[in-house]
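In our numbering, the protein residues as written are 199 to 339.
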């Protein structure tokens, strides 16, 4: 009985291990590769007031030799919202990613990130924003 359970577990484990597929796309040699080159990956808003909504744009170019496709851009929290091009960016073309930061509910130094997923060799790029959020001072009446 124990042998049957052992062999069943061994077969089940083998099926699971060998059926897992690595979802990363492999680039065959000789195929073109897209590459994102940013003029700057960090932006400092400086001091802003609590409740301010501020935005910046990160300019980049496709310095590779294949179309660049951005599949996803995610802010590190709900207060950081990226807007990115949904179309293919041709080699040599320039584009921008807009990042909007809402300081409501935040005070002090804030450091946020935007993670970009694309068809580049590394697959991921990270943008950084920071701001010093000045709290509102209540005036007693």
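Note that beta-carbon positions come from the ideal geometry of N, C-alpha and C, so glycine has one too.
Query	Result
C-beta contact flag for residue 325 and residue 315 at 8 angstroms	no
Pairwise C-alpha distance: residue 277 and residue 253	11 angstroms
Boundaries of the beta strand (DSSP E) in which residue 281 is found, first to last residue	278-281
Close Cβ partners of residue 235 (< 7 angstroms) along its chain, the five nearest in sequence each way excluded	258, 259 and 261
Proximity below 8 angstroms, CB of residue 290 to CB of residue 264	no
Cutoff 6 angstroms; reference residue 250; Cβ partners in own chain excluding five residues on either side	301
Length of the line joining the Cα atoms of residue 292 and residue 243	23 angstroms
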